[in-house]
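Colleague: Counted from 1, the sequence shown has number 234 at position 234 by the UniProt record's numbering; the numbering is strictly sequential.
Beta carbons: idealized from backbone N, C-alpha and C, even for Gly.
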Amino acid sequence: MPSPSEPQRANDLYATLAISSEEARTGTSRILTLPDGRQLPITLPAGVQSGQQLSFTGQGRRRDDGTYGSLQLTITVLPGPPPGGAPGLSSEEAVPTLLSGDRLQLAAPAALASSLPTAGQAALSSSQTPASLPQTPPSPSPSWPRSAPAQRKSASSRRPLWLVTTAVLLLVVISSAALLEQHLQQAQGQASATATSAAATAFVATRQADGQASVVAQATAAAQATASVIAANPNPYPPGGGKLVLYTPLSDAQNSIGWETSIHCTFRSGAYHVVSQDPRYFDHCSNGISYSDFTLEVEMTIVAGDQGGLLFRGADIGNNRYYLFQISTTGIYTLFAYTGGNQAEELTRGVALNYQRGLGQTNLLALVARGHHLTLYLNHQQVVAITDGHYRSGQLALLSVPLADGGQPTEVAYRNLKVWAF
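(1) Going by other Cβ atoms of all chains shown within 10 Å of its Cβ, with 16 needed for buried, is residue 243 buried or exposed?
(2) Counting C-beta neighbours from all protein chains within 10 Å, is the total for residue 287 16 or more, i.e. buried, or is it exposed?
(3) Can you have a look at residue 387 and say buried or exposed, based on whether 16 or more other CB atoms are within 10 angstroms of its CB?
(4) Is residue 456 helix, strand or coil by DSSP?
(5) DSSP state of residue 423, grouped into three classes?
(6) Tell me the rounded alpha-carbon separation between residue 389 and residue 370.
(7) If I measure Cβ to Cβ from residue 303 and keep anything under 6 Å in the same chain, skipping five residues before and after, which residues do I get?
(8) Can you find at least 3 beta carbon pairs, one from the segment 24-32 and one from the segment 40-48, that sit closer than 8 Å?
(9) Quick check on this structure: which residue in 260, 403, 323 and 297 has the alpha carbon closest to the alpha carbon of residue 238?
(10) Can you check the segment 329-386 for any alpha helix (DSSP H) of at least 4 residues that lies completely inside it and give the ranges in chain order?
(11) If residue 271 and residue 251 are in contact, beta carbons under 8 Å, what's the gap, nearest whole angstrom?
(12) Looking only at its chain, what residues have a beta carbon closer than 6 Å to the beta carbon of residue 266, apart from the 5 residues adjacent to it on each side?
(13) Indicate whether residue 327 and residue 308 have their beta-carbon atoms separated by less than 8 Å.
(14) Excluding sequence positions up to five away, which residues of its chain have a Cβ less than 8 Å from the Cβ of residue 276?
(15) What would DSSP say about residue 58, mapped onto helix, strand or coil?
(16) Please return the same chain residues whose Cβ sits closer than 7 Å to the Cβ of residue 380, not counting the five positions on each side in sequence.
(17) Rounding to the nearest angstrom, what Cα-Cα distance links residue 17 and residue 349 in this structure?
(18) Take residue 255 and list the residues in its own chain whose beta-carbon comes closer than 6 Å to its own, dropping the five residues that flank it on each side.
(19) Any idea which residues DSSP pairs residue 74 with across the strands?
(20) Name the DSSP bridge partner or partners of residue 314?
(21) So for residue 406, helix, strand or coil by DSSP?
(22) Cutting at 6 Å between CB atoms, please list the residues of its own chain near residue 396, excluding the five before and the five after it.
(23) Could you tell me the boundaries of the beta strand (DSSP E) in which residue 46 lies?
(24) State the DSSP-derived secondary structure class of residue 413, mapped to helix, strand or coil.
(25) Tell me which same chain residues have a C-beta within less than 7 Å of the C-beta of residue 346, skipping the five on either side of it?
(26) Find the nearest neighbour of residue 246 within the set 34, 415, 36 and 39, judged by alpha-carbon distance.
(27) With a threshold of 6 Å on Cβ separation, who are the neighbours of residue 210 within its own chain once the five nearest residues in sequence on each side are excluded?
(28) Express the C-alpha separation of residue 366 and residue 351 in angstroms, rounding to a whole number.
(29) What is the rounded straight-line gap between the Cα of residue 93 and the Cα of residue 59?
(30) Is residue 316 buried or exposed, if buried means 16 or more other CB atoms sit within 10 Å of its CB?
(31) Three-state secondary structure (DSSP) at residue 276?
(32) What is the residue span of the beta strand (DSSP E) that residue 29 lies within?
(33) Can you give me the C-alpha to C-alpha distance between residue 57 and residue 231, rounded to a whole angstrom?
(34) Give the range of the alpha helix (DSSP H) segment to which residue 230 is assigned.
(35) What number of angstroms, rounded off, separates the C-alpha of residue 19 from the C-alpha of residue 66?
(36) Along the chain, where does the beta strand (DSSP E) containing residue 250 start, and where does it finish?
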């Protein structure tokens, strides 16, 4: 994950939305009021988790060319039910959250928010609350796919907060400490109870509150396979070795803890679907974990549209610094090194001869990254072997990539992801 000192996109907005544990379990809705007066209704699905991040394209600050940046929303789950009543308030009772200046005000659960100062705010009627998350068309860019937004807000862009925000900050810090202890106990219990399960994974979530930077807390996840799964899944790619540190079927949220969910990243029909609704841009979905030297294997099925692939060693995804491998339904592949802004260097391209072509075909995609050496496999056959020194570590992400020219909305399903670390 990028450090607090790393730069972020000037036109993106960053916020934390605090909800109760009951609302996280059953789902809830909120109405955010953006700095220019726009109101953004959002719907959180059941099962949303603390530290999960949602990105709303076109809902950030207005750029000079008339387009908009993105809104980056981090979910914080507070322990206990919503204060003052049961969860599931109607849209008439929902309190809009005012987004002001360079920061976003913390949004408490609806019943709690009603006790906080909300001058100049009014709830939208039920007819104004959509059933799904709205999307505003993002700004045009060169033919390269768009990058992911930055993950954290830098300390240099913060402004002082007064008494109300300070009180809310204290509430978040105290709640986060209790939540950390609860998560640790649950993770330890789960690891003991499922030590012999061939598909079980252990999860440890840590939370960190930084009062001087902002009330936005950053969640990181670490996943490790059980001993039985490690023994049953040795690394099959040369030179072999390494330790299996992540094995997830990607079949549903319960078996794939930490993977983001949004309108672009969904669990459906026993797979993790990455969806690009606007054919001008690609989308990526990640669990936020970074790796240096590793082997990755995942099953990929292009359900609709053009291309799938991997983003890896994402040293600074928010500022377009990562490797990107994409492959189409015809087996044509390209490997890029994105070096900041809209700058991308094509490292290699070709055609995979043993690739299962067409929509609905499942192919096994694998990557070995050791030092400066990058090797990619399709269906256990090597297709790329290069040496490049742009990046040594960073995040992984799964992709849906419309073609740069004449592309179409794209949906790619992924299953059975494994990572061996060296």
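Modeller: Result, derived from the coordinates:
(1) Looking at its Cβ environment, which holds fewer than 16 other Cβ atoms inside 10 Å, residue 243 is exposed.
(2) Buried is the call here.
(3) Exposed.
(4) Residue 456 lies beyond the stretch modelled for the chain, which goes from 1 to 422, so this question has no answer here.
(5) What the structure shows of the chain is the stretch from 1 to 422, and residue 423 is not part of that stretch, so it cannot be assessed.
(6) So the two alpha carbons sit approximately 11 Å from each other.
(7) In the same chain as residue 303, and ignoring 5 residues on each side of it, the C-beta atoms closer than 6 Å to its own belong to 411 and 413, in chain order.
(8) Contact between the segment 24-32 and the segment 40-48 is present: 3 or more CB-CB pairs across the two stretches fall below 8 Å.
(9) It is 297.
(10) If we require 4 residues or more, the segment 329-386 turns out to have no alpha helix (DSSP H) run fully inside it.
(11) The pair is a contact, with the Cβ atoms about 7 Å apart (cut-off 8 Å).
(12) Closer than 6 Å at Cβ, skipping near neighbours: 273.
(13) Yes, these two residues count as a Cβ contact at 8 Å.
(14) So the qualifying residues of the chain are 264, 282, 283, 305, 400, 401, 402, 409, 410 and 411.
(15) Coil.
(16) So the list reads 364, once near-sequence residues are dropped.
(17) Each residue's alpha carbon lies about 42 Å from the other.
(18) Excluding sequence neighbours, residue 255 sits near 249.
(19) Note: residue 74 sits in a beta bridge opposite 16 and 53.
(20) Answer is 395.
(21) Looking at residue 406 - three-state DSSP - the assignment turns out to be coil, as it is neither helix nor strand.
(22) In the same chain as residue 396, and ignoring 5 residues on each side of it, the C-beta atoms closer than 6 Å to its own belong to 312, in chain order.
(23) Taken as a continuous stretch (DSSP letters only), residue 46 belongs to no beta strand (DSSP E), as it is neither H nor E.
(24) Strand.
(25) Answer for residue 346: 334 and 336, listed in chain order.
(26) That would be 415, whose Cα lies nearest to the Cα of residue 246.
(27) In this predicted model, residue 210 has a pLDDT of only 43, less than 50, meaning its place in the structure is not dependable; the value taken from the coordinates is given anyway. Exclusion of the five residues before and after residue 210 leaves no residue of its chain whose Cβ lies closer than 6 Å to its Cβ.
(28) Our two residues, residue 351 and residue 366, have alpha carbons roughly 16 Å apart in a direct line.
(29) Only weak support exists for where residue 93 lies, its pLDDT of 35 falling under 50; the value from the coordinates is given anyway. Taking the straight line joining both Cα atoms gives about 23 Å.
(30) When all chains shown are included, residue 316 counts as buried.
(31) If DSSP states are grouped into helix, strand and coil, residue 276 belongs with the strands.
(32) Element bounds for residue 29: 28-33.
(33) Each residue's Cα considered, the two are about 42 Å apart.
(34) For residue 230, the enclosing alpha helix (DSSP H) stretches over residues 227-232.
(35) Roughly 33 Å between the two C-alpha positions.
(36) Careful: residue 250 lies outside any beta strand (DSSP E) and carries neither H nor E.
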